[in-house]
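Reading through the structure tokens given below for one structure.
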Amino acid sequence: QQPVQSPQAVILREGEDAVINCSSSKALYSVHWYRQKHGEAPVFLMILLKGGEQKGHEKISASFNEKKQQSSLYLTASQLSYSGTYFCGTAAAGNKLTFGGGTRVLVKP
Amino acid sequence: EAGVAQSPRYKIIEKRQSVAFWCNPISGHATLYWYQQILGQGPKLLIQFQNNGVVDDSQLPKDRFSAERLKGVDSTLKIQPAKLEDSAVYLCASSLDSSGMVETQYFGPGTRLLVL
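Here the protein sequences line up with chains A and B, keeping their order. Using my numbering, you'd call the opening residue of the first sequence number 274 and step up by one each time. Using my numbering, you'd call the opening residue of the second sequence number 74 and step up by one each time.
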């Protein structure tokens, strides 16, 4: 089953923060985060594993709440380059990666 | 290091025609994936290969879609005959191993298909 992402879209000013959530109804083993710019391939940001630590990529970090089967992606002090669509992909034990519907992020000057 | 290569980048066909897409994964990557991404949605897995064997094709519409990876390297995805609802971006990805739960998948630029 497809994970649910929220919000569907967010508009930020440069330097502002945002949080993107990814929820699943299944017990998860891993959560993968990707960013896709218009007309381009999804680019890998980070993987979070069950029992693992919070990860970071530049000023983008993420956490994984195993009890809630939810992951959150934190965009801190956003830059213009952070604009794009963010996808979470979730995998339960033994299952394939399933992607959410995406969260569109627009960072304005 | 060269990334995942795909061709063509764009294709426009009429319904009921056939079309084929090609993918060359990152060198040394054993696992290859084909995804369909409809506008405004996340990628949906169509088929996963481990070397030249199929690991998962549960979401592949087998009455019209076929895929092969004969020598365990590059792969071809075919649609025959195409329907209007096949209009989408077809993404190819590869990873070192088959454990998709923890392996990073690297995506190619995709082929944008428009069926008229």
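Note that the Cβ used here is the ideal one computed from N, Cα and C, for glycine as well.
If you draw a straight line from the C-alpha of residue 309 of chain A to the C-alpha of residue 144 of chain B, how long is it? Numbered from its first residue, the first sequence carries residue 309 of chain A at position 36. Numbered from its first residue, the second sequence carries residue 144 of chain B at position 71. Looking at the two C-alpha atoms, the distance is approximately 30 Å.
Quick one: using the 10 Å Cβ neighbour count with 16 as the cut-off for buried, is residue 312 of chain A buried or exposed? For this step, residue 312 of chain A is matched to residue 39 along the first sequence. Exposed is the call here.
CB-CB length for residue 184 of chain B against residue 84 of chain B, believed under 8 Å: Here residue 184 of chain B refers to the residue found at position 111 of the second sequence. Here residue 84 of chain B refers to the residue found at position 11 of the second sequence. Confirmed, Cβ separation roughly 6 Å.
Cα separation between residue 373 of chain A and residue 87 of chain B? Reading the first sequence from its first residue, position 100 is the one you call residue 373 of chain A. Reading the second sequence from its first residue, position 14 is the one you call residue 87 of chain B. The straight-line gap from Cα to Cα measures roughly 30 Å.
Within 10 angstroms of the Cβ of residue 186 of chain B, are there 16 or more other Cβ atoms? Answer buried if so, exposed if not. By 1-based counting over the second sequence, the position of residue 186 of chain B is 113. Flag for residue 186 of chain B reads buried.
Can you give the Cα-Cα distance for residue 324 of chain A and residue 299 of chain A, rounded to whole angstroms? By 1-based counting over the first sequence, the position of residue 324 of chain A is 51. By 1-based counting over the first sequence, the position of residue 299 of chain A is 26. Approximately 16 Å between the Cα atoms of the pair.
Could you confirm whether any beta carbon from chain B is found closer than 7 Å to the beta carbon of residue 337 of chain A? Locating residue 337 of chain A in the first sequence gives position 64, counting from the first residue. Chain B contact via Cβ: absent.
Kindly say whether residue 314 of chain A, judged by its beta-carbon, lies nearer than 7 Å to any beta-carbon of chain D. The structure shown has no chain D; the protein chains it does contain are A and B.
Within the 7 Å Cβ cut-off, does residue 149 of chain B reach chain A? The count along the second sequence starts at 1 and reaches residue 149 of chain B at position 76. False, the Cβ-Cβ gap to chain A never drops below 7 Å.
Anything in chain A within Cβ reach of residue 121 of chain B, meaning under 7 Å, just list it in chain order. As a first step, residue 121 of chain B is located in the second sequence; it is residue number 48 there, counting from the start. By Cβ distance, chain A contributes 369.
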